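Following: one structure in structure tokens, then a few remarks.
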Amino acid sequence: MKNLILFFCLGLISLTSIAQNDLPNVDVTSIDGKTVTLKDSTNKDGITIISLWATWCVPCLKELDAINDLYDEWQEETGVELLAVSVDDSRTVKRVKSMVNGKDWDYTVLLDTNNDLKRALNASSIPLTILVKNNKIIYEHSGYSPGAELELYKKIKELSK
Amino acid sequence: MKKLVILATLLSNLYFINAQETGYFYGGLESNSQWLQTDKGINFPAPEDQFRANNYILMNYNLGKFTAGAQYESYLPSALLGYSPIYDNQNNVATYYFNYKDENLDITAGYFYEQFGSGLILRSWEDRQLGLNNALKGLNIRFNATKDLSLKAVFGKQRYGFEESAGTIQGIDADLSLSGALNIESVDIQLGASYVGRNQDTEGNEALPTTVGAYGGRLDFIIDNFYAGVEAIIKDPDAIANEGQLSSNKLYDGTALQVNAGYAKKGLGINATFRRLENFSFFSDRFAEGNIYNQQVINYVPGLTKQQDYLLTNLYVYNPQSRLIIESFDQRAGEVGTQFDLFYSFKKGTTLGGKYGTKLAVNFSYWGGLDAEYNIENRWYKAKFIGKGHQLFRDINFEIKKKWSKKWSSAFTYQNVIVDKGIVEGGPLGNKTILANIGVIESTRRFDDGKAARFVVQHLWSDDDRKNWAAGVIEYNFSTRLAVYAADNYNYGGENKTHYYSVGGSYSKGNTRLGINYGRQRGGLICIGGVCRFVPENTGLSANLTVAF
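In structure tokens form, the structure reads like this:
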């Protein structure tokens, strides 16, 4: 019980002391197996969408397919960039490269094979979509339902001003 | 309690020493609970603890190059149904760590998650849905020696519930970018080598080795659109154990080989994998071999099959068979098999592509037991490299995704699957085979303002096991935040004609999500990431809350 109280106290401190979260300082790998620091991969001037997805996650694929249809337009208007971070572990990670190509996505695809980023973001479920500006997390949304990409774009326009 | 004091001191020290620099807290909460009810329809008597909850609170504090954190877990009064009983009625700080990370050095003391190569030799990870957390407790160092060479080392005991493993694990891993080191541009070549050892007290049994090591090497290369990789591991001889007992004092070595190749260009992706495992199970306690709760596993041996998306395509799934069993009612030595994937996009504006394009995915997998001779009396066996072992699993499936208009889109799935009944139910292999054909049609209709409706109809045809099934799902999104659904799996071909119905909803806002479901859970294998656990049939109300901060 004591533990519990302490944890809740810590929890309270954390809730009151943060306004904005930094992007966790975590390494991921590129699709060619090179180690990449996530903070170095984000868009320096504007907003970056980071989407946690997996080859076996249907809503994730729906979200990324839906955004892909609009991505050209979004990039032209706001300069936004999308990092699609796959949390596939070694069972399915070999399918990432072929799937990304097969689906004809235009995103930068990164791998989080042992889920270091997923843990750091406390993403219990995916998809988790976050918006990052100057390496600060400014918006988060978990789950996907049709039309959520339009809401996301509204946020991007609002925040990129 | 001691752990907590140490942690609090570390955290507060960090906080005060560096008061001029501002750090930040981050973490999250996850609460999964269920309230089980007696259901005569599926012969489910509610257990004594009808209400069960698994709670996790993870807190991290980062300040510049330092991060510290801890995870509190509670399983009160019992863990969710189907979880390892070692968690029942427990609550405590389960993991904690202290980490320093700069550009070339990353050191963690405390509990950590690490993976060498594909994880076939070592992987510690957490999966809350599976009740699996095999974090190592000790020291983890990652070091970039040069821009092309990185090294990793682990040393520690493995987490086992709220206790730790009997064995101590030590491991080193090196990753070298050969093309980088030699300035080759046309080909990208990566080499890797690993050693993982387990040191365990033999308790006076002189026949047993104190240290059992595994040695692995891997090579990956990319030439333009083509890529391939190979990983091979040999494991020192060790005694085999079954249900916590040594089968005998005889020692057997183990091997694993995985080969992967693929071709990917815009609009087309092909991938093929081959894997052979012979007596390849590796646990942090030799007596833990083959435990059904996946506790104390050192390495990661997932079933290399497609993770299916729908209710009925998840009825007959594969569970990998890496163990050697000689002195039992059936004999096995491992598995060998292959998986093949193809992804293709029909371009917009073509006949098959239509206005929005069409996406095709094809998957095939075949897994068989190793073809081996056994001499039970002499505790001897010999396995062929491939041979003609008994077929355990075979899956052919097609999936087509099509967007018709801005408002309508559909997905069609067809699967033809053959599985050994012993895989599905966890009994002896080779007695009965189940063949099933499954068809799924899913359609989504979009309305304005994030409103949408989704319909799924599914049918499973089979003359074996529980015969035919039909299933349907209806889901409605009131907005991008609020959704409700109703689903039913109906086993109309079986003896009892059972409905497995469920209704539920979810609400998510920012990084908070609440889901509530009521209904019947079909029993069987629940597989996540190729690792499976058995869940008994049950009925009840469940709630899941996740908050990230």
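In order, the protein sequences belong to chains A and B.
Count along the first sequence from 1, then add 46; that gives the number in my numbering.
Count along the second sequence from 1, then add 38; that gives the number in my numbering.
Glycine included, each C-beta is placed from N, C-alpha and C at the ideal position.
Keep in mind the model is a prediction, meaning the values are calculated, not measured.
Cβ neighbour criterion (16 or more within 10 Å) applied to residue i
{"i": "Pro275/B", "result": "exposed"}
{"i": "Lys207/A", "result": "exposed"}
{"i": "Asn582/B", "result": "buried"}
{"i": "Tyr530/B", "result": "exposed"}
{"i": "Ile51/A", "result": "The predicted position of Ile51/A is uncertain, since its pLDDT is 49 and thus under 50; no value can be drawn from it."}
{"i": "Glu119/A", "result": "exposed"}
{"i": "Asn243/B", "result": "exposed"}
{"i": "Trp102/A", "result": "buried"}
{"i": "Trp418/B", "result": "exposed"}
{"i": "Tyr113/B", "result": "buried"}
{"i": "Ala194/A", "result": "buried"}
{"i": "Ser203/B", "result": "buried"}
{"i": "Gly189/A", "result": "buried"}
{"i": "Lys420/B", "result": "exposed"}
{"i": "Leu61/A", "result": "Interpretation of Leu61/A is limited by its pLDDT of 41, a score under 50 that renders its predicted location unreliable; no figure is taken from the coordinates."}
{"i": "Ser580/B", "result": "buried"}
{"i": "Leu116/A", "result": "exposed"}
{"i": "Gln359/B", "result": "buried"}
{"i": "Glu111/B", "result": "buried"}
{"i": "Thr311/B", "result": "buried"}
Bridge partner(s) assigned by DSSP for residue i
{"i": "Gly73/A", "result": "Note that residue 73/A is Asp in the sequence shown here, rather than Gly. Asp73/A is bridged to Thr83/A."}
{"i": "Tyr523/B", "result": "Glu513/B, Gly542/B"}
{"i": "Leu498/B", "result": "Ile476/B, Trp507/B"}
{"i": "His537/B", "result": "Tyr528/B"}
{"i": "Ser69/B", "result": "Asn93/B, Leu583/B"}
{"i": "Asp77/B", "result": "Phe82/B"}
{"i": "Lys273/B", "result": "Ala252/B, Gly292/B"}
{"i": "Arg492/B", "result": "Thr482/B, Glu513/B"}
{"i": "Phe423/B", "result": "Answer is none; Phe423/B lacks a bridge partner."}
Check whether residue i and residue j have beta carbons under 8 Å apart
{"i": "Leu160/B", "j": "Val234/B", "result": "yes"}
{"i": "Leu74/B", "j": "Gly562/B", "result": "no"}
{"i": "Glu463/B", "j": "Gly407/B", "result": "no"}
{"i": "Gln496/B", "j": "Tyr348/B", "result": "yes"}
{"i": "Tyr539/B", "j": "Asp526/B", "result": "yes"}
{"i": "Gly209/B", "j": "Ser322/B", "result": "no"}
{"i": "Gly558/B", "j": "Gly120/B", "result": "One detail in the question is off: residue 558/B reads as Arg in this sequence, not Gly. No. Outside cutoff."}
{"i": "Gln346/B", "j": "Tyr412/B", "result": "no"}
{"i": "Lys90/A", "j": "Asn309/B", "result": "no"}
{"i": "Ser286/B", "j": "Ala279/B", "result": "no"}
{"i": "Leu350/B", "j": "Ala509/B", "result": "yes"}
{"i": "Leu98/A", "j": "Val142/A", "result": "no"}
For residue i, the first and last residue of its enclosing alpha helix (DSSP H)
{"i": "Gly307/B", "result": "Per DSSP, Gly307/B belongs to no alpha helix (DSSP H); it is in the beta strand (DSSP E), 306-316."}
{"i": "Pro105/A", "result": "104-124"}
{"i": "Val142/A", "result": "139-149"}
{"i": "Glu197/A", "result": "194-205"}
{"i": "Gly218/B", "result": "216-219"}
Selected residue, minimal CA-CA separation from residue i, among the options
{"i": "Ala108/B", "options": "Tyr64/B, Phe572/B, Ser71/B, Lys139/B", "result": "Tyr64/B"}
{"i": "Glu123/A", "options": "Val155/A, Ile184/A, Ile93/A, Asp134/A", "result": "Ile93/A"}
{"i": "Lys344/B", "options": "Phe378/B, Tyr338/B, Lys385/B, Gly254/B", "result": "Phe378/B"}
{"i": "Ile472/B", "options": "Asp503/B, Ala491/B, Phe493/B", "result": "Asp503/B"}
{"i": "Ala219/B", "options": "Gln208/B, Gly209/B, Phe181/B, Lys185/B", "result": "Lys185/B"}
{"i": "Asp140/B", "options": "Gly102/B, Thr60/B, Val131/B", "result": "Gly102/B"}
{"i": "Lys190/B", "options": "Trp163/B, Gly155/B, Glu223/B", "result": "Gly155/B"}
{"i": "Phe436/B", "options": "Trp446/B, Pro466/B, Ser403/B, Gly468/B", "result": "Ser403/B"}
{"i": "Ile176/A", "options": "Glu197/A, Asp115/A, Gly148/A", "result": "Glu197/A"}
{"i": "Gly460/B", "options": "Asp486/B, Gly477/B, His428/B", "result": "His428/B"}
{"i": "Thr159/A", "options": "Leu158/B, Val511/B, Tyr394/B", "result": "Leu158/B"}
{"i": "Val155/A", "options": "Leu163/A, Leu129/A, Gly125/A, Val133/A", "result": "Leu129/A"}
{"i": "Ser171/A", "options": "Cys106/A, Thr88/A, Asn67/A", "result": "Cys106/A"}
{"i": "Phe493/B", "options": "Gly468/B, Arg519/B, Val457/B, Ser448/B", "result": "Ser448/B"}
{"i": "Tyr135/B", "options": "Ser360/B, Asn298/B, Asn178/B", "result": "Asn178/B"}
{"i": "Tyr136/A", "options": "Asp86/A, Thr88/A, Asn161/A, Lys85/A", "result": "The identity of residue 136/A in the sequence shown is Ser, whereas the question assumes Tyr. It is Asn161/A."}
{"i": "Leu147/A", "options": "Leu205/A, Val126/A, Ile113/A, Ile77/A", "result": "Looking at the sequence shown, residue 147/A is not Leu but Asn. Considering only alpha carbons, the answer is Ile77/A."}
{"i": "Asp144/B", "options": "Trp163/B, Ile124/B, Val192/B, Arg166/B", "result": "Val192/B"}
{"i": "Ala117/B", "options": "Gly169/B, Pro83/B, His537/B", "result": "Gly169/B"}
Range covered by the beta strand (DSSP E) that runs through residue i
{"i": "Tyr134/B", "result": "128-139"}
{"i": "Glu373/B", "result": "372-384"}
{"i": "Ser448/B", "result": "446-458"}
{"i": "Leu187/B", "result": "187-198"}
{"i": "Gly300/B", "result": "283-303"}
{"i": "Arg432/B", "result": "429-441"}
heavy atom of the ligand HEM below 7 Å from residue i C-beta
{"i": "Ile124/B", "result": "The model on display carries no ligand, and the ligand HEM is accordingly not part of it."}
Inset, instruction - Mind checking the region 245-261 of chain B against chain C and listing, in chain order, the residues whose C-beta falls within less than 7 Å of any C-beta there? - result: Included in the structure are the protein chains A and B, with no chain C among them.
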